[in-house]
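*Asks:* The working numbering puts the first residue of the sequence shown at 199, with every later residue one more than the last.
All residues carry an ideal CB built from backbone N, CA and C; glycine is no exception.
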Amino acid sequence: ISLGLVGSEMCIRDRSLKSLKTKVAARWHKDIQRLGDERAGELSISDRYSLPDWLWQKLDKQYGTDGASSLAQSLLRKAPFDLRVNLVRSSRDKVLAELAAEGIEATPTLLSPHGIRLKNNFGLQKHRLFLQGHIEVQDEGSQILAQLVDAKRGQMVVDFCAGAGGKTLALGAMMSNSGRLYAFDVSAKRLDRLKPRLKRSGLSNVHPQLIGSENDPRIQRLFGKIDRVLIDAPCSGLGTLRRNPDMKWRQTSEDIASMTEKQLRILKAASKLAKPQGLVIYGTCSLLRDENETVVERFLSEQKGKFELVNVAELLDIDGIDVNSAPYLRLLPSTHDCDGFFAAAFKAM
Numbered sequence: 199i200s201l202g203l204v205g206s207e208m209c210i211r212d213r214s215l216k217s218l219k220t221k222v223a224a225r226w227h228k229d230i231q232r233l234g235d236e237r238a239g240e241l242s243i244s245d246r247y248s249l250p251d252w253l254w255q256k257l258d259k260q261y262g263t264d265g266a267s268s269l270a271q272s273l274l275r276k277a278p279f280d281l282r283v284n285l286v287r288s289s290r291d292k293v294l295a296e297l298a299a300e301g302i303e304a305t306p307t308l309l310s311p312h313g314i315r316l317k318n319n320f321g322l323q324k325h326r327l328f329l330q331g332h333i334e335v336q337d338e339g340s341q342i343l344a345q346l347v348d349a350k351r352g353q354m355v356v357d358f359c360a361g362a363g364g365k366t367l368a369l370g371a372m373m374s375n376s377g378r379l380y381a382f383d384v385s386a387k388r389l390d391r392l393k394p395r396l397k398r399s400g401l402s403n404v405h406p407q408l409i410g411s412e413n414d415p416r417i418q419r420l421f422g423k424i425d426r427v428l429i430d431a432p433c434s435g436l437g438t439l440r441r442n443p444d445m446k447w448r449q450t451s452e453d454i455a456s457m458t459e460k461q462l463r464i465l466k467a468a469s470k471l472a473k474p475q476g477l478v479i480y481g482t483c484s485l486l487r488d489e490n491e492t493v494v495e496r497f498l499s500e501q502k503g504k505f506e507l508v509n510v511a512e513l514l515d516i517d518g519i520d521v522n523s524a525p526y527l528r529l530l531p532s533t534h535d536c537d538g539f540f541a542a543a544f545k546a547m
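(1) Exposed or buried, what is G518 when buried is set at 16 or more other beta-carbons lying within 10 Å of its beta-carbon?
(2) Report the residue from V427, L389, Q418 and V286 whose alpha carbon sits nearest the alpha carbon of A349.
(3) Does F497 come out as helix, strand or coil in the three-state DSSP assignment?
(4) Hey, how far is the Cα of I333 from the Cα of S411?
(5) Taking the beta carbon of H534 as the centre, do at least 16 other beta carbons fall within 10 Å, making it buried, or is it exposed?
(6) Does the stretch 477 to 496 come close enough to the stretch 428 to 439 that 3 or more CB-CB pairs lie under 8 Å?
(7) Could you check where the beta strand (DSSP E) with T157 kicks off and where it finishes?
(8) Rounded to whole angstroms, what is the Cα-Cα separation between L420 and V356?
(9) My output table needs one value for P278: the three-state DSSP class, helix, strand or coil.
(10) For L367 and L396, which I take to be in contact (beta-carbon distance under 8 Å), what is that distance rounded to the nearest angstrom?
(11) Out of M354, A304, V335 and D425, which one is the CA nearest neighbour of K545?
(12) For the stretch 307 to 314 against the stretch 260 to 267, do three or more pairs of beta-carbon atoms, one drawn from each stretch, fall closer than 8 Å, so that the two count as touching?
(13) Can you give the Cα-Cα distance for L392 and E240, rounded to whole angstroms?
(14) How is I302 classed by DSSP in three states: helix, strand or coil?
(15) Going by beta-carbon coordinates alone, are R496 and L462 separated by less than 9 Å?
(16) Closest to K423 by CA distance: which of K466, L477, V347 and P311 is it?
(17) Taking C-beta to C-beta, are I429 and F358 nearer than 9 Å?
(18) Kindly indicate the opening and closing residues of the beta strand (DSSP E) around L529.
(19) Measure the CB-CB distance between V286 and L465 and report whether it falls below 9 Å.
(20) Of the residues L527, L369, A360 and Q353, which one's Cα is nearest the Cα of H312?
(21) Go ahead and pull the three-state DSSP assignment for V510.
(22) Identify, in the order they occur along the chain, each residue of the same chain with its Cβ nearer than 6 Å to the Cβ of T438, setting aside the five sequence neighbours on each side.
(23) Given a cut-off of 9 Å, decide if F320 and E300 are closer than it, judged by their beta-carbon atoms.
(24) Classify G331 as buried or exposed, calling it buried when 16 or more other Cβ atoms lie within 10 Å of its own Cβ.
(25) Since N413 contacts M373 with CB under 8 Å, what's their CB separation in whole angstroms?
(26) Under the three-state reduction of DSSP, which class applies to L408: helix, strand or coil?
(27) Would DSSP call K317 helix, strand or coil?
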């Protein structure tokens with residue numbers, strides 16, 4: 199009995215200590231917040247939003263001070279946790295019902311018809327729905343970019359910068375596991391991460407292919423034969439700062455300038471795959487015009503008569519997406535509460 203009492207006292211003491219630590223942490227956080235509010239006027243705008251000066255200047259110029267401030271503030275918040283339902287395995291309604299039966303709080307995403315937003319991570323990687331390929335982790339913005347490709351049954355489709363395959367798997371499901379979907383990437387490590395995901399998905403129409411560069415000779419055999427080409431180009435990743443806040447400190451304006459040259463090279467090379475009347479989708483997860491509209495405008499000026507810019511509103515009809523960004527797609531954390539994405543669509547002539 200005495201040992202039991204000692205154990206009880208220790209538990210009580212542990213709980214009291216934990217409670218005290220929580221109160222101290224909360225008070226500390228409140229004091230820091232109050233101090234920050236008091237001294238906000240002493241800070242530069244870039245410091246206030248924890249942004250390097252060069253990045254704030256670009257955002258301010260592009261979005262205006264109010265728009266840039268709203269965007270910068272949104273980048274300081276926690277990113278949501280989204281899933282995409284694999285339509286080859288299940289449906290969104292079924293997955294939501296199963297999660298609800300287990301007491302897991304989840305809601306349909308507002309924009310993507312295949313997405314689910316979780317209130318908390320529930321140990322996803324050990325859950326049956328994940329292990330059996332019914333769900334995949336994918337931000338809602340990324341899901342919408344895949345939807346813009348408008349891939350259909352029986353088509354030939356290329357995901358030119360496939361990486362670990364999040365959009366590849368979404369495209370394969372959109373194609374109802376038919377046709378032929380090539381997943382190209384220059385990184386063997388990234389493609390290796392696709393393999394277990396592909397196995398779980400149940401897709402048999404995906405063909406991963408390691409390439410040496412955007413001009414790899416193995417690509418040339420597909421020139422002029424592809425119905426849909428997705429180019430999720432390498433970029434600064436500034437649209438994902440809520441998930442990767444350190445990225446803004448590891449880049450400079452000079453890095454952005456160098457990146458745009460690479461993006462243009464990739465777009466020019468990949469666009470050769472599209473057959474007449476085929477679609478090319480150029481996308482980034484960047485917030486900057488330099489990597490987005492500027493690249494598109496340079497591409498069109500160099501490819502006169504070969505491609506026609508398509509209004510994304512003709513390809514993507516989703517309530518809640520601002521048509522004022524037409525002919526482009528622009529998703530912002532401050533407006534759509536997903537990662538920042540940009541996309542442009544071209545039709546091969």
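*Replies:* Concretely, from the data shown:
(1) By the 10 Å Cβ count, G518 comes out exposed.
(2) Nearest to A349 by C-alpha distance, out of V427, L389, Q418 and V286, is V427.
(3) In the structure shown, F497 sits in a helix (DSSP, three-state: H, G or I).
(4) Rounded to the nearest angstrom, the two C-alpha atoms are 32 Å apart.
(5) The residue in question, H534, is buried, as its Cβ has 16 or more Cβ neighbours within 10 Å.
(6) Between the stretch 428 to 439 and the stretch 477 to 496 there are three or more C-beta pairs closer than 8 Å, enough to call the two in contact.
(7) The structure shown does not extend to residue 157, since the chain spans only 199 to 547, so no value can be given for it.
(8) Their Cα atoms are separated by approximately 10 Å.
(9) P278: coil per DSSP, three-state reduction.
(10) For a cut-off of 8 Å, the C-beta gap from L367 to L396 is around 7 Å, short enough to register as a contact.
(11) The residue with the shortest Cα to Cα distance from K545 is D425.
(12) With the cut-off at 8 Å, the stretch 307 to 314 and the stretch 260 to 267 do not touch.
(13) Computed Cα separation, rounded: 48 Å.
(14) Three-state result, I302: coil.
(15) Taking 9 Å as the cut-off, the Cβ atoms of R496 and L462 count as close.
(16) Of the candidates K466, L477, V347 and P311, the one whose C-alpha sits nearest the C-alpha of K423 is L477.
(17) Yes.
(18) L529: member of the beta strand (DSSP E) spanning L527 to L529, first to last residue.
(19) Contact flag unset, no.
(20) Nearest to H312 by alpha-carbon distance, out of L527, L369, A360 and Q353, is L369.
(21) Note: V510 maps to helix in three-state DSSP.
(22) Excluding residues within five positions, the ones whose Cβ falls inside 6 Å are C483 and D537.
(23) In this structure, E300 places its C-beta atom within 9 Å of the C-beta atom of F320.
(24) Buried: at least 16 other Cβ atoms inside 10 Å.
(25) Your pair N413 and M373 does not check out as a contact, with CB atoms roughly 27 Å apart and the cut at 8 Å.
(26) L408 falls in the strand class under three-state DSSP.
(27) K317 falls in the coil class under three-state DSSP.
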